[in-house]
Every structure is written in C-alpha cells, then in structure tokens.
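Engineer:
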Amino acid sequence: MGNLRSMVISMLVVLGFVVVWVAMVPRPNAITQPPVDVTSVAQQVKAETKWPILQPQGLPDGWRATSVRFVRSTDGLMTWHAGYQSPKGDYIALEQTQGATQGWVDAETNRGAKEGTQVVAGQEWTRIDRKDKVQFSLVRRGAGPKDLTTIVTGTGPYDELATFAASLRPVG
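Heads up, the sequence shown is in our numbering, so the first residue is -14 and it goes up one at a time.
1. Is it true that the CB of residue 50 sits closer than 8 Å to the CB of residue 78?
2. Is the segment 73 to 87 close to the segment 122 to 140, with three or more CB pairs under 8 Å?
3. Roughly how many whole angstroms lie between the Cα atoms of residue 32 and residue 24?
4. Could you check if residue 15 is buried or exposed, using at least 16 other CB atoms within 10 Å of its CB as the buried criterion?
5. Mind checking whether the beta-carbon of residue 75 lies closer than 7 Å to any heavy atom of the ligand SAM?
6. Excluding the five sequence neighbours on either side, which residues of its own chain have a C-beta within less than 7 Å of the C-beta of residue 5, listed in chain order?
7. Can you find a CB in chain C that lies within less than 8 Å of the CB of residue 102?
8. What whole-angstrom Cβ distance do residue 86 and residue 62 have, given they're in contact under 8 Å?
9. What's the gap between the Cα of residue -1 and the Cα of residue 17?
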C-alpha cells in the first residue's frame, strides 16, 4: 500500500510541475505574417516574360497581400499568382497565364460550374461557382494563344471579387 501511495504522490508532484511549466511558456495570440512585396515580384515576372501581367492597385483600406509567386502549374503553364486577404477576412487570389488550357482554368477554379457572366469595369467576366468548396471565381479568357487569361478566385463573395478585379492594372 505504501508503494501505491508514494507513486500517486510522485505523479501529483510531476503533474504540478507540468502545469506550472505550461502556464509559464509564452504562447502568441496571433501569428503575424511578414509583409509581401507584390510589386517587386510582379516587375521581375514582367521583365522575365514580357507578359502584360496585372496587379491590384488602389484597393480600399483593409486589403493585405499574403502570397506572391510565379510557378509552373497545371498543364506545365507558368502561372503568375498574387494572394490577398480582404477586409472581411476572405482569401482572394489573382491567377494569370499565357495560352491557358481548359485544364488550367478548371484547376484554378476548382472545377466549378459556370454561373453566367458579370461586367466589371467595362469587361465581361465568366462567373464560376464551386458551392461545395466555397470558392467563387471570375474568369476572363485571352482571345488568342499569346493573350493572358486572368482568374480572380477565392472564398469571398462576387462583390469582393469584383472590387478586386476592378482594381487590376498592368504592371508598370
């Protein structure tokens, strides 16, 4: 009986130390992401490819860049990507490539269903909705094989996508 009592006391002492240790270890309340410089990467991509890529300019307050890259994507196509968080906390991304295939469009829009069209800043965009994954997209296809196809996609509603799409300007 003495061995059991000693073991229980030892376990309580160790548990007490663990509780104190866990209470003393600092834990961040939020993770802050370092700033993302979309403009400098956009200028590098434009210089490298000579593509007339776009980037958002003059977005309302509260939009924050979260990611930027130029990578090989579906069907081996190089893809310009810039991701943002909207003021409402939704994720909105810009995807552009030259000579887009239907496979690339399907992959970037998560194989959503066409939901008609929407005019944004005088240009017609195709609306694509992936309801089961909560992803909405606006797609503007390039007319020819050398033209860029632009997709604005994310978890935000169409009004946020339209605000983002209306802000797109050629990289200077």
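Where is the CB? At the ideal position from N, CA and C, for every residue including glycine.
Structural biologist: Straight from the coordinates:
1. no
2. yes
3. 12 Å
4. exposed
5. For the structure depicted, the ligand SAM is absent and the ligand set is empty, with no information on it obtainable.
6. none
7. Protein chains in the displayed structure number just one, and chain C is not present.
8. 7 Å
9. 34 Å
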